[in-house]
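**Student:**
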Amino acid sequence: MAGPGFAVIDFETTGLFPAHHDRVIELAVVHVSDRGRIEGRWETLVNPGRDLGRQDIHGIRAADVLDAPSFAEIAPRLIELLRGRVLVAHNASFDIRFLLAELSRAGHGAPAEIVSLCTMQLARDFLPGAGRSLADCCAALDIDLFGAHRASVDALATARLLAAYIEAADAPEFWFAHLAAAAAAAWPAGVVSSTAWCARTVSSHPMTADSFLERITTRLPDVAGPAEYVDYLALLDRCLLDRALSVHEAQSLVRLAGELGLNRATCEGLHRQYFAALTALAWSDGILTGAELADLVSVGMLLAIPTATIAAALDETRQQTPAPAVAVPAGAEFVLVAGDLVVLTGEMSRTRSELERELRELGLVPWRAVTKKVKLLVAADADSLSGKARKARDYGIPIVDEATLARLSSARFAGA
């Protein structure tokens, strides 16, 4: 366990608010070295001593946790896994709130300030233009997220996202400063625990298909403004998935806004931006079913947006819906200029290093992630279904195959 590094965590919970007795029901920890190498993985179910909340989301049954340890029983080992490391999570403020609440219930302390990093917040620097969800950030880098809402899956994807950030960083000072602070943080003295952790097996409990709102909220874009805006909207994403806003959820949003220093006018402005972005995405394929329209209206009403504003936004967005992005045909006029960012995806006839070298020789910049700054995506198949290809289509970035890249390269040399 010793040595500098990061501890990536993910919790599955009964709900969204530890202050209202929601509990952790599954957790996972992934150790990542200071250079971004995955060093170890741990996971366990947790018996919360209460109902399990939205089982359609996390897929955990009561029978799964009957013999699982309580949080108090696994807390000593968890503390040892976190000790001396930078805590990392996607939407870290959410996981840290649950961590502190559970440790407090179990009678354990924590450092006065937990040294942490949030891959959702860091995406604003490393994946500009990407949405705030883990799924959207992973899609930009073709990181597998099959089986999301299982703690081990989400934690591993977050660890790989962190590793990609570390690799892309120009200088290591940012990471080293956090690592040094984490090494100095005072966690409580270790307590020996013989409690075995209990990993989830393949569940026979079927999870329902993602709802329209769940599918679309994973693609909501980032918002301009401070990090507090992103934290608030990330909680709003979770609250509205079931098209309802309970009294507890509303109170918790108000409490979080207060903790983040957001006044009422700011929150109302964020609600309007949220609804506008949701509506724009809903119309992005040019089709809006009756059920989808009903969901959007429900969300607008829950956010206290006037009916006339809702109707106007729906109409205006439909008129402005862009045409879907398509692959660039071989004869299309398309010009690459020095400094353009080009992303590669899929297995092609030449190695990735050969293609990247050729791009550099042309004055182009091989790029790892699909962001709005990227000029071109080169795929083994222009109709690729990869995460990078989906993001390119969302952003209207042309997609070409290897043969078209060769043609564009020849044209660039000829015009040089």
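Residue numbers for the sequence shown follow the UniProt record's numbering, so the first one is 1 and each next one is one higher.
Note that beta-carbon positions come from the ideal geometry of N, C-alpha and C, so glycine has one too.
Rounded to the nearest angstrom, what separates residue 14 and residue 405 at their Cα positions?
**Tutor:** Roughly 49 Å between the two C-alpha positions.
**Student:** Less than 8 Å between the CB atoms is what I'm expecting for residue 18 and residue 101, so what's the real figure, rounded?
**Tutor:** Going by Cβ atoms, the distance from residue 18 to residue 101 rounds to 4 Å, so yes, they are a contact pair.
**Student:** Check whether the Cβ atoms of residue 140 and residue 375 sit closer than 8 Å, and answer yes or no.
**Tutor:** Contact flag unset, no.
**Student:** Which residue's Cα is closest to the Cα of residue 106: 341, 286, 241, 46?
**Tutor:** Residue 106 has its Cα closest to that of 46, out of 341, 286, 241, 46.
**Student:** Can you grab the Cα-Cα spacing for the pair residue 220 / residue 278, in whole Å?
**Tutor:** Cα to Cα, the separation comes out at about 7 Å.
**Student:** With 8 Å as the threshold, decide whether the Cβ of residue 376 is near any Cβ in chain D.
**Tutor:** Judged by its chain identifiers, the structure shown contains no chain D, having just a single protein chain.
**Student:** Hey, out of 297, 314, 99, whose CA is closest to residue 109's CA?
**Tutor:** For residue 109, the nearest C-alpha among the options comes from 99.
**Student:** Over what stretch of residues does the alpha helix (DSSP H) that includes residue 76 continue unbroken?
**Tutor:** Taken as a continuous stretch (DSSP letters only), the alpha helix (DSSP H) holding residue 76 covers 71-82.
**Student:** Roughly how many angstroms separate the alpha carbons of residue 67 and residue 24, rounded to a whole number?
**Tutor:** Rounded to whole angstroms, residue 67 to residue 24 spans 15 Å at the Cα level.
**Student:** Would you report the Cα separation of residue 69 and residue 134, rounded to the nearest angstrom?
**Tutor:** Rounded to whole angstroms, residue 69 to residue 134 spans 28 Å at the Cα level.
**Student:** How long is the line joining the alpha carbons of residue 147 and residue 237, rounded to whole angstroms?
**Tutor:** Going by the C-alpha atoms only, they are around 19 Å apart.
**Student:** According to the Cβ coordinates, are residue 218 and residue 295 closer than 8 Å?
**Tutor:** No, the Cβ-Cβ distance between residue 218 and residue 295 is not below 8 Å.
**Student:** Which term fits residue 112, buried or exposed, when burial requires 16 or more other beta carbons within 10 angstroms of its beta carbon?
**Tutor:** Exposed.
**Student:** Quick check: what's the CA-CA separation for residue 261 versus residue 95?
**Tutor:** Going by the C-alpha atoms only, they are around 20 Å apart.
**Student:** Rounded to whole angstroms, what's the CA-CA distance from residue 393 to residue 379? Just pull it up for me.
**Tutor:** Cα to Cα, residue 393 sits roughly 12 Å from residue 379.
**Student:** Leaving aside the five residues before and after residue 199 along the sequence, list all residues of the same chain whose C-beta is less than 8 Å from its C-beta, in chain order.
**Tutor:** Within the same chain, residue 199 has close Cβ partners 43, 44, 45, 152.
**Student:** Kindly give me the distance between the Cβ atoms of residue 22 and residue 59, rounded to whole angstroms, as I take these residues to be in contact under 8 Å.
**Tutor:** Actually they do not touch by this definition, with Cβ atoms about 17 Å apart.
**Student:** In angstroms, rounded to a whole number, what distance separates the CA positions of residue 114 and residue 185?
**Tutor:** Near 7 Å, if we compare the C-alpha coordinates of residue 185 and residue 114.
**Student:** With DSSP as the reference, label residue 11 as helix, strand or coil.
**Tutor:** DSSP places residue 11 in strand when its eight states are reduced to three.
**Student:** State the start and end residues of the unbroken beta strand (DSSP E) segment that holds residue 45.
**Tutor:** Note, residue 45: beta strand (DSSP E), 38-45.
**Student:** Near residue 81, which residues of its chain fall below 8 Å by C-beta distance, leaving aside the five closest residues on each side in sequence?
**Tutor:** Only 1, 7, 29, 31, 42 meet the Cβ criterion.
**Student:** Could you compute how far the alpha carbon of residue 291 sits from the alpha carbon of residue 232?
**Tutor:** Taking the straight line from one Cα to the other gives about 27 Å.
**Student:** Would you please state the rounded distance, in angstroms, between the beta carbons of residue 76 and residue 247? I believe it to be under 8 Å.
**Tutor:** Actually they are not in contact, since the Cβ atoms of residue 76 and residue 247 sit about 36 Å apart, beyond 8 Å.
**Student:** What whole-angstrom Cβ distance do residue 129 and residue 371 have, given they're in contact under 8 Å?
**Tutor:** The Cβ separation is near 5 Å, so the contact holds.
**Student:** How would you call residue 289, buried or exposed, if buried means at least 16 neighbouring beta carbons within 10 angstroms?
**Tutor:** Flag for residue 289 reads exposed.
**Student:** Beta-carbon within less than 6 Å of residue 373's beta-carbon, same chain only, minus the 5 sequence neighbours each way: which residues are those?
**Tutor:** Only 341 meet the Cβ criterion.
**Student:** For residue 351, is the classification buried or exposed, using 16 other Cβ atoms within 10 angstroms of its Cβ as the cut-off for buried?
**Tutor:** Residue 351 is exposed by the Cβ-count criterion.
**Student:** Restricting to Cα atoms, I'd like to know which of 299, 272, 85 is closest to residue 223.
**Tutor:** Out of 299, 272, 85, 272 has the C-alpha closest to the C-alpha of residue 223.
**Student:** Straight-line CA distance for residue 310 to residue 300?
**Tutor:** Each residue's Cα considered, the two are about 6 Å apart.
**Student:** Here's the rule I'm using: 16 or more other beta-carbon atoms within 10 Å means buried, otherwise exposed. How should residue 384 be labelled?
**Tutor:** That one is buried.
**Student:** What's the call for residue 201, buried or exposed, on a 16-neighbour Cβ count within 10 Å?
**Tutor:** So residue 201 ends up on the exposed side.
**Student:** Where DSSP assigns a beta bridge to residue 399, which residues make up the other side?
**Tutor:** 377, per the DSSP bridge assignment.
**Student:** Using a Cβ-Cβ cut-off of 8 Å (strictly less than) and excluding sequence neighbours within five positions of residue 230, which residues of its own chain qualify?
**Tutor:** Same-chain partners within the cutoff: 120, 121, 124, 132, 222, 223.
**Student:** Runs of 4 residues minimum, wholly inside the segment 86-169: which ones carry the alpha helix (DSSP H) assignment?
**Tutor:** Listed in chain order, the complete alpha helix (DSSP H) runs (minimum 4 residues) inside the segment 86-169 are 92-105, 119-126, 134-140, 151-168.
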